[in-house]
Amino acid sequence: MSESRITFPCGDLKLEGLLTLPECEAPGAAVVCHPHPMYGGSMYNNVVEAVLEALWPRRFATLRFNFRGVGDSEGEYDGGTGELDDVREAVAFLAGKAGVKSVMLAGYSFGASMSLRAGLTDPAINRLVLVALPVALITGASDSTSKPVLLVSGDRDSYSPLEPLRTLAGKLGSGARLEIIPGADHFFGGYEARLSALIGAALGDR
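See below:
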């Protein structure tokens, strides 16, 4: 599926993104959030693209975007506060473009932490896919939710260790599911296809 370069507003800022809308009615829509802006993270990331590779065969409308201060997005890094606004505005933008009431929110690393914070209670977000969530840095995210939540980590990921993820999954409720990819570290180099297949299987043949 082809992507179109777009911009969307977030307060006084304009953020850049890449939008995909299927030719027919989309069975779902998803915003994908990239890793940490201060460590080279951008929407052009191997894990972001692996997530998209799971969504496009299922004809999802998708939006990946650059957080404020990254690439051609205006503004500067805001320590996770302004970035939360970025996520919410991206969700609203995609919902409007795809003509849906709610969207799935997926994120990798820092993007996963932003997705979790944004997604637990927001009715505009219907599902969460959290890849390599830096669980040691998560605070105040133990609320239960009825939404489906997929947590994915590699068994060599020191930022997203298994036991704290299991604890978090238990706190999130019966809709939370944890999947571990053997051999993968935080960056999933060489494991992108396995990650795509796992996410696709979790979504089903939609």
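FYI, in this note's numbering the residues of the sequence shown are 850 to 1055. A virtual CB, placed ideally from N, CA and C, is assigned to each residue, including glycine.
- Item | Rounded C-alpha distance that separates Ala1051 from Arg1005 | What you label residue 1051 is simply residue 202 of the sequence shown in a count that begins at 1. What you label residue 1005 is simply residue 156 of the sequence shown in a count that begins at 1. Between Ala1051 and Arg1005, the C-alpha separation is close to 22 angstroms.
- Message: Looking at the secondary structure, which residues open and close the alpha helix (DSSP H) in which Ser1002 lies?
- Response: Residue 1002 sits at position 153 when you count from the first residue of the sequence shown. Premise fails: Ser1002 lies in the beta strand (DSSP E), 998 to 1003, not in any alpha helix (DSSP H).
- Query: With distances taken between CB atoms, is the gap from Gly929 to Cys882 smaller than 8 angstroms?
  - Reply: Working through the sequence shown from its first residue, we reach residue 929 at position 80. Working through the sequence shown from its first residue, we reach residue 882 at position 33. Contact flag unset, no.
- Item | Contact set for Arg1015: own chain, Cβ-Cβ below 8 angstroms, skip 5 residues either direction | Along the sequence shown, read from residue 1 onward, the residue named residue 1015 stands at position 166. So the list reads Leu1027, once near-sequence residues are dropped.
- Message: As an exercise, report each continuous alpha helix (DSSP H) stretch of at least 4 residues that is fully enclosed by the stretch 860 to 892, in chain order.
- Response: The alpha helix (DSSP H) runs lying completely inside the stretch 860 to 892 and spanning 4 residues or more number zero.
- Message: My parser needs the alpha helix (DSSP H) runs of 4 or more residues fully inside the stretch 938 to 973; what are they?
- Response: Entirely contained in the stretch 938 to 973, the alpha helix (DSSP H) runs reaching 4 residues are, in chain order, 959 to 968.
- Query: Any chance the stretch 899 to 908 sits against the stretch 931 to 944, with 3 or more Cβ pairs inside 8 angstroms?
  - Reply: Short answer: they don't touch.
- Query: Of the choices Ser891, His885, Tyr926, Leu868, whose alpha-carbon is the least far from that of Leu862?
  - Reply: The residue you call residue 862 lines up with position 13 of the sequence shown. Nearest to Leu862 by alpha-carbon distance, out of Ser891, His885, Tyr926, Leu868, is Tyr926.
- Distance between beta carbons of Leu965 and Leu982, contact taken as under 8 angstroms: Numbered from 1 along the sequence shown, position 133 holds the residue referred to as residue 982. Numbered from 1 along the sequence shown, position 116 holds the residue referred to as residue 965. Confirmed, about 7 angstroms.
- Message: From the DSSP secondary-structure annotation, give me the bridge partner or partners of Phe1036.
- Response: Position 187 of the sequence shown, counted from the start, is the residue given in the question as residue 1036. In the DSSP output, where bridge partners are listed per residue, Phe1036 has none listed.
- Task: Tell me whether Arg854 is buried or exposed, calling it buried when 16 or more other Cβ atoms sit within 10 Å of its Cβ.
- Result: Here residue 854 corresponds to residue number 5 of the sequence shown, with the count starting at 1. For Arg854, the number of other beta carbons within 10 angstroms of its own is below 16, and it is reported as exposed.
- Message: DSSP has Leu912 in a bridge; who is on the other side?
- Response: Stepping through the sequence shown from its first residue, residue 912 is reached at position 63. Residue pairing by DSSP places Leu912 opposite Leu868, Val880 in a beta bridge.
- Give the secondary structure of Thr994 by DSSP, where H, G and I count as helix, E and B as strand, and everything else as coil. By one-based count along the sequence shown, residue 994 stands at place 145. For Thr994, the three-state secondary structure derived from DSSP is coil.
- Message: What does the alpha-carbon distance come out to for the pair Glu898 and Leu912?
- Response: Within the sequence shown, residue 898 is the residue found at index 49, counting from 1. Within the sequence shown, residue 912 is the residue found at index 63, counting from 1. Whole-angstrom Cα-Cα distance: 11 angstroms.
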